[in-house]
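Worksheet for the structure shown next.
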Amino acid sequence: MESSTSVHEETTAPMTASEVARTSALSMRWRHLWPKAVALRFDVGRKPESNGEADGDEARRVIAAATAAVARRAAAGDGPDVEDLELSFVYTSEDDFYDMDMVHHHGRDITPEQIAAWLHFAARHVTDFFTLALPIVPQKDRNDEAQDEEEDRALVVEMPCSARAEEMSLTLGNARLKLDPASGGDDLRLSHLLSSSCCPQLRSLCLYKILGLKTLRLDAADTLEELWLGSLRDLETLDVTAPGLLDLAVWSCGAISEARIAAPMVEELEFVRHTKVLEFDDAASVRRIVSLQMWSHRLRRSGDGDDDDDCNNNSATVWLLRNCTGVKRLGLEVNLPYWWSHVKEAHGDEIQEGDIVDMTAEIPHLPNVSNLTMEVYAYGHTIGASVSKLIAKCSNVEHLCININNYTGKECLDLSCICQSADWDNLNRFSLGHLRNIEINDFLPLDSQIRLLRLLVATAPALERMTVKLDMSEFKDGEEVNFDISCDGGRWLPSVWECSELGFVRPVAYEWLRDAHRVEQAGEA
Numbered sequence: 411m412e413s414s415t416s417v418h419e420e421t422t423a424p425m426t427a428s429e430v431a432r433t434s435a436l437s438m439r440w441r442h443l444w445p446k447a448v449a450l451r452f453d454v455g456r457k458p459e460s461n462g463e464a465d466g467d468e469a470r471r472v473i474a475a476a477t478a479a480v481a482r483r484a485a486a487g488d489g490p491d492v493e494d495l496e497l498s499f500v501y502t503s504e505d506d507f508y509d510m511d512m513v514h515h516h517g518r519d520i521t522p523e524q525i526a527a528w529l530h531f532a533a534r535h536v537t538d539f540f541t542l543a544l545p546i547v548p549q550k551d552r553n554d555e556a557q558d559e560e561e562d563r564a565l566v567v568e569m570p571c572s573a574r575a576e577e578m579s580l581t582l583g584n585a586r587l588k589l590d591p592a593s594g595g596d597d598l599r600l601s602h603l604l605s606s607s608c609c610p611q612l613r614s615l616c617l618y619k620i621l622g623l624k625t626l627r628l629d630a631a632d633t634l635e636e637l638w639l640g641s642l643r644d645l646e647t648l649d650v651t652a653p654g655l656l657d658l659a660v661w662s663c664g665a666i667s668e669a670r671i672a673a674p675m676v677e678e679l680e681f682v683r684h685t686k687v688l689e690f691d692d693a694a695s696v697r698r699i700v701s702l703q704m705w706s707h708r709l710r711r712s713g714d715g716d717d718d719d720d721c722n723n724n725s726a727t728v729w730l731l732r733n734c735t736g737v738k739r740l741g742l743e744v745n746l747p748y749w750w751s752h753v754k755e756a757h758g759d760e761i762q763e764g765d766i767v768d769m770t771a772e773i774p775h776l777p778n779v780s781n782l783t784m785e786v787y788a789y790g791h792t793i794g795a796s797v798s799k800l801i802a803k804c805s806n807v808e809h810l811c812i813n814i815n816n817y818t819g820k821e822c823l824d825l826s827c828i829c830q831s832a833d834w835d836n837l838n839r840f841s842l843g844h845l846r847n848i849e850i851n852d853f854l855p856l857d858s859q860i861r862l863l864r865l866l867v868a869t870a871p872a873l874e875r876m877t878v879k880l881d882m883s884e885f886k887d888g889e890e891v892n893f894d895i896s897c898d899g900g901r902w903l904p905s906v907w908e909c910s911e912l913g914f915v916r917p918v919a920y921e922w923l924r925d926a927h928r929v930e931q932a933g934e935a
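In this text, residue positions in the sequence shown follow the working numbering: the first is 411, and each later residue adds one.
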């Protein structure tokens, strides 16, 4: 817990749940601060090691302290507003992310009355940042009658309508979100409450893992700069008007079939790949695409009834790459078909050569991209042919990063597989005259990956440095890695060493540096 006050020009140190228990946060030592503090933060902290029922007692004391502090501040009435109110009752992991999967024994002690009081106070007295994080209430094995009783007492959270807060974060566990019935249907109510009329100061909005939301129409205030929509699995229609929006991210929303975006100032973008109807005004304003998903291949028809309009297409990705012509930094998530082996086994005799569509051919030429990051999900396939075709689209790239997710340490040897392309590294020759730096992560010395590495060196005459980090999960403790890869014009040197659990010291990363005389020749040219 942290409180600060501009009157006394002092800030208390952050307090953990155990410190709240020891100091009694509402003792005489603290009471004079509550009427003047401009920031109130209550946090249950990191997850306990044992996580038994007794470990929830400290978290319960934090909840009680937060409830008392908010009530005292609300009772003051004429005191100054609170700039920052944080009520975080979800344990965090070592990397400071909410650990929602962990059992939170104190979750059952949070009442609807407490939540209503916190939200009522935030809507009227918080001017900048409001954070409320509720844990998932643990459920015990029970019969149908007990389950019905449990549903009757489920937490119901009424969406706060604040005309003052700039940023609001609501992590509601498995609570139900109650909206103002005067606003129409559930979709319209949420859209109305997030609109410029209800939230004229809203600067950042994130909706994550909300069930039942099929339509979102957002007419945002000019102040909204960041909009993140993630894991809204029921969302089908998205309509956003946001004149001041700078950062738009839409991910893991697999049901979206129609999206209309009116945001002329967007500079950073992340979007799903398969939206059938996409309208994006002023797409040319985008300067950075954080992530776009795509499949490398698909079947024009298959035995399981798929057709050209299913979710295995890249329609939105292709549209955005064609229309976001000002993009300098591009992130691509490339998925090779994990389903291919199953389809081939079941319908191999029915698949003709014309049924296989190489979807990299749909990607347009991208001459303005200078920084390219690729997340490649191999699923046991060879990656060289598909990855090299995509890199060739960015002829003026200067910095290239390839992160490989192998999933298996073996290389696909099926010559009839969808990933195979005979002699691809000789047929796909291209020039990357501006490429200076390459970083490859989770590399395995497999034939396709080695050939890709050599191809990059051969096509980048201005290349200064390449860093390759190995995927050590595929090697036994103490196993030596054979990194004898010849590349003309330079040499490989170990750059990072690691001591394994058994005490073996071995290199886990290598760096390629161009020979000095080659650098001089390139400079003279």
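Here a beta-carbon is modelled for each residue, glycine too, at the ideal position from N, C-alpha and C.
Under the three-state DSSP convention, the category arginine 471 falls into: As a working mapping, residue 471 is identified with position 61 in the sequence shown. Arginine 471 falls in the helix class under three-state DSSP.
Starting from tryptophan 528, trace the alpha helix (DSSP H) both ways and give me its first and last residue. Walking along the sequence shown from the start, residue 528 turns up at place 118. 522–535 is the span of the alpha helix (DSSP H), which, as asked, contains tryptophan 528.
With DSSP as the reference, label glutamine 830 as helix, strand or coil. Here residue 830 corresponds to residue number 420 of the sequence shown, with the count starting at 1. Coil at glutamine 830, not helix or strand.
Are the Cβ atoms of glutamate 884 and glycine 819 separated by less than 8 Å? The count along the sequence shown starts at 1 and reaches residue 884 at position 474. The count along the sequence shown starts at 1 and reaches residue 819 at position 409. Yes, Cβ-Cβ distance for glutamate 884 and glycine 819 is below 8 Å.
For asparagine 733, which of helix, strand or coil comes out of DSSP? Counting from one through the sequence shown, the residue named residue 733 turns up at place 323. Residue state, collapsed to three classes: helix.
With DSSP as the reference, identify every bridge partner of valine 448, one or two as the case may be. Position 38 of the sequence shown, counted from the start, is the residue given in the question as residue 448. According to DSSP, which records beta bridges pairwise, valine 448 is partnered with nothing at all.
Enclosing beta strand (DSSP E) for leucine 497 [first to last residue]: One-based indexing of the sequence shown puts residue 497 at position 87. Where leucine 497 is concerned, the enclosing beta strand (DSSP E) stretches over 492–498.
Would you kindly work out how many angstroms separate the C-alpha atoms of tryptophan 834 and histidine 757, rounded to a whole number? On the sequence shown, residue 834 is found 424 positions in, with the first residue counted as 1. On the sequence shown, residue 757 is found 347 positions in, with the first residue counted as 1. Approximately 27 Å, taken between the alpha carbons.
Determine the contact status of alanine 672 and leucine 658, defining contact as a CB-CB distance below 8 Å. On the sequence shown, position 262 is the one that residue 672 refers to. On the sequence shown, position 248 is the one that residue 658 refers to. It is not a contact, given that the beta carbons lie outside the stated cut-off.
Just checking my contact of leucine 776 with lysine 803 at CB under 8 Å: how many whole Å lie between their CB atoms? By one-based count along the sequence shown, residue 776 stands at place 366. By one-based count along the sequence shown, residue 803 stands at place 393. Yes, they are in contact, since the Cβ atoms of leucine 776 and lysine 803 sit about 5 Å apart, within 8 Å.
Buried/exposed call for phenylalanine 915, threshold 16 Cβ in 10 Å: In the sequence shown, residue 915 corresponds to position 505, counting from 1. It should be pointed out that residue 915 corresponds to valine in this sequence rather than to phenylalanine. It counts as exposed.
What do you get for arginine 839, buried or exposed, if any count of 16 or more other CB atoms within 10 angstroms of its CB means buried? Against the sequence shown, residue 839 aligns to sequence position 429. It counts as exposed.
So within the stretch 738–808, which uninterrupted alpha helix (DSSP H) runs reach at least 4 residues, ignoring any that extend past its ends? 750–757, 794–802
Quick check: the stretch 772–786 against the stretch 675–688, are at least 3 beta-carbon pairs closer than 8 Å? no
Distance check for alanine 479 and arginine 976, CA to CA, integer angstroms please. Any answer about residue 976 is impossible in this case: the structure gives the chain only from 411 up to 935.
Assuming aspartate 936 contacts glutamate 908 under a Cβ cut-off of 8 Å, what Cβ separation, rounded to an integer in Å, is found between them? Residue 936 lies beyond the stretch modelled for the chain, which goes from 411 to 935, so this question has no answer here.
Kindly indicate which three-state DSSP category isoleucine 860 falls into: helix, strand or coil? Taking the sequence shown and counting its residues from 1, one reaches residue 860 at position 450. Helix.
Run through DSSP, which three-state label would threonine 633 get? One-based indexing of the sequence shown puts residue 633 at position 223. Three-state result, threonine 633: coil.
Is methionine 704 helix, strand or coil when you go by DSSP? Here the question's residue 704 lines up with position 294 in the sequence shown. Residue state, collapsed to three classes: strand.
Opposing strand residues paired with methionine 578 [DSSP bridges]: Residue numbering aside, residue 578 sits at position 168 when the sequence shown is read from its first letter. Methionine 578 pairs with Phe540.
Spatial neighbours of isoleucine 828 in its chain, beta-carbon cut-off 7 Å, leaving aside the 5 residues before and after: Taking the sequence shown and counting its residues from 1, the one referred to as residue 828 is at position 418. Here the set comprises His707, Pro747, Trp750, Ile766.
In whole angstroms, give me the CA-to-CA distance for isoleucine 848 and isoleucine 793. The residue you call residue 848 lines up with position 438 of the sequence shown. The residue you call residue 793 lines up with position 383 of the sequence shown. Straight-line Cα distance between these residues: approximately 17 Å.
Could you give the C-beta distance for valine 744 and glutamate 785, rounded to a whole number, given that I count them as a contact under 8 Å? Along the sequence shown, read from residue 1 onward, the residue named residue 744 stands at position 334. Along the sequence shown, read from residue 1 onward, the residue named residue 785 stands at position 375. Indeed, because the Cβ distance is near 7 Å, the residues count as touching under 8 Å.
Apart from the five residues just before and just after serine 725, which ones in its own chain have a Cβ nearer than 8 Å to its Cβ? Position 315 of the sequence shown, counting from 1, holds the residue named residue 725. Arg683, His684, Thr685, Lys686, Leu688.
Pairwise C-alpha distance: valine 472 and arginine 739: Reading the sequence shown from its first residue, position 329 is the one you call residue 739. Reading the sequence shown from its first residue, position 62 is the one you call residue 472. Those two C-alpha atoms are separated by around 44 Å.
If we ignore side chains and look at the alpha-carbon of each, how far apart do cysteine 734 and valine 513 end up? Here residue 734 refers to the residue found at position 324 when the sequence shown is read from its first residue. Here residue 513 refers to the residue found at position 103 when the sequence shown is read from its first residue. Cα to Cα, the separation comes out at about 44 Å.
What does the alpha-carbon distance come out to for the pair serine 414 and alanine 543? Stepping through the sequence shown from its first residue, residue 414 is reached at position 4. Stepping through the sequence shown from its first residue, residue 543 is reached at position 133. Low per-residue confidence applies at serine 414: pLDDT is 31, beneath 50, and the placement is therefore not dependable, though the value from the model is reported in the following sentence. If you take the alpha carbons of serine 414 and alanine 543, they lie about 21 Å apart.
For arginine 875, report the span of its beta strand (DSSP E) as first-last. For the purposes of this step, residue 875 is taken as residue 465 along the sequence shown, with counting starting at 1. 875–880 is the span of the beta strand (DSSP E), which, as asked, contains arginine 875.
Among residues of its own chain, excluding the 5 on either side of tryptophan 528, which ones have a beta-carbon nearer than 7 Å to its beta-carbon? As a working mapping, residue 528 is identified with position 118 in the sequence shown. Closer than 7 Å at Cβ, skipping near neighbours: Val480, Leu497, Leu542.
Beta strand (DSSP E) segment containing cysteine 608, residue limits: Locating residue 608 in the sequence shown gives position 198, counting from the first residue. Careful: cysteine 608 lies outside any beta strand (DSSP E) and carries neither H nor E.
Figure out for me which residue from Thr633, Leu679, Ala447 has the closest Cα to the Cα of arginine 482. The sequence position of residue 482 within the sequence shown is 72, counting from 1. The shortest Cα separation from arginine 482 among Thr633, Leu679, Ala447 belongs to Ala447.
Grab me the residues of aspartate 519's own chain with a C-beta within less than 6 Å of its C-beta, minus the 5 sequence neighbours each way, in chain order. In the sequence shown, residue 519 corresponds to position 109, counting from 1. Counting only Cβ-Cβ distances below 6 Å, and skipping sequence neighbours, we find Arg470.
Would you call the CB atoms of leucine 709 and valine 696 closer than 8 Å? Counting from one through the sequence shown, the residue named residue 709 turns up at place 299. Counting from one through the sequence shown, the residue named residue 696 turns up at place 286. Their beta carbons are not under 8 Å apart, which means leucine 709 does not touch valine 696 by this criterion.
Cβ-Cβ separation, serine 662 to glycine 640 (assumed contact under 8 Å), whole Å: Position 230 of the sequence shown holds residue 640. Position 252 of the sequence shown holds residue 662. Contact flag correct, Cβ pair sits at about 5 Å.
When DSSP labels each residue in this structure, what does valine 696 get in the three-state scheme? Here residue 696 is taken as the residue at index 286 of the sequence shown, counted from 1. Looking at valine 696 - three-state DSSP - the assignment turns out to be coil, as it is neither helix nor strand.
With distances taken Cα to Cα, identify the nearest neighbour of leucine 782 among Ile850, Tyr789, Asp768. As a working note, residue 782 is residue 372 in the sequence shown. Cα-wise, what sits closest to leucine 782 is Ile850.
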